[in-house]
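Quick notes on the structure that follows.
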Amino acid sequence: MDIGIGLPNAVRGVDRRGIVDWAKRAENAGFSSLGTIDRIAYPNFESLIALSAAAAVTERIRLVTDILLAPLRTNPALFAKQAATIDQLSGGRLVLGLAPGGREDDYAVIRRGLLRRGADFEPPA
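Each residue of the sequence shown is one higher than the one before, counting from -5 in this note's numbering.
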């Protein structure tokens, strides 16, 4: 059985040292993965950047986005490049979990309607 643990990227008061120390401790404790919470309108560490910090101080633990709000990434080519870069730099440990999300405040800060999130998540025709 594989057991993962959350990276505290959305916990208030956690700083840079807290992120990297947690990642090291999780790997040393034998967890199989580190997951992040993705919010735009919340004062947290951005998921991909937090996972890249974790990748820099770990060797085997999988790096998981639980769940990355894909429609809020307004440039799909840049998003794909960022994800591919983290995957390459981590030795293939990135696991992308994607979803449209459902919190209105995340959509409001990028000036996009929540009701469009399904259409924004669909691949181009």
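We treat Cβ as the ideally placed atom computed from N, Cα and C, and that holds for glycine.
CA nearest to the CA of residue i, picked from the options
i, options, result
"Arg97", "Ser41, Ala23, Asp32, Leu28", "Asp32"
"Ser84", "Leu62, Tyr101, Leu72, Ile55", "Ile55"
"Val5", "Asn38, Ser27, Ser26", "Asn38"
"Asp81", "Leu63, Ala50, Asn3, Gly95", "Ala50"
"Ala121", "Leu45, Ser27, Gly86, Ile34", "It is not possible to answer for residue 121, since the shown part of the chain is limited to -5 through 119."
Collapsed DSSP secondary structure at residue i in the structure displayed
i, result
"Ala93", "strand"
"Thr30", "strand"
"Ile43", "helix"
"Val11", "Reading off the sequence, residue 11 comes out as Arg, not Val. Helix at Arg11."
"Arg87", "coil"
"Leu72", "helix"
"Leu57", "strand"
"Leu1", "coil"
Presumed contact (8 angstroms Cβ cut-off) between residue i and residue j, rounded CB distance
i, j, result
"Ala47", "Val8", "That belief does not hold up - the Cβ atoms of Ala47 and Val8 are roughly 12 angstroms apart, past 8 angstroms."
"Val58", "Gly(-2)", "6 angstroms"
"Leu92", "Ile61", "7 angstroms"
"Ser41", "Thr52", "The Cβ separation is near 16 angstroms, so there is no contact."
"Leu88", "Ala77", "6 angstroms"
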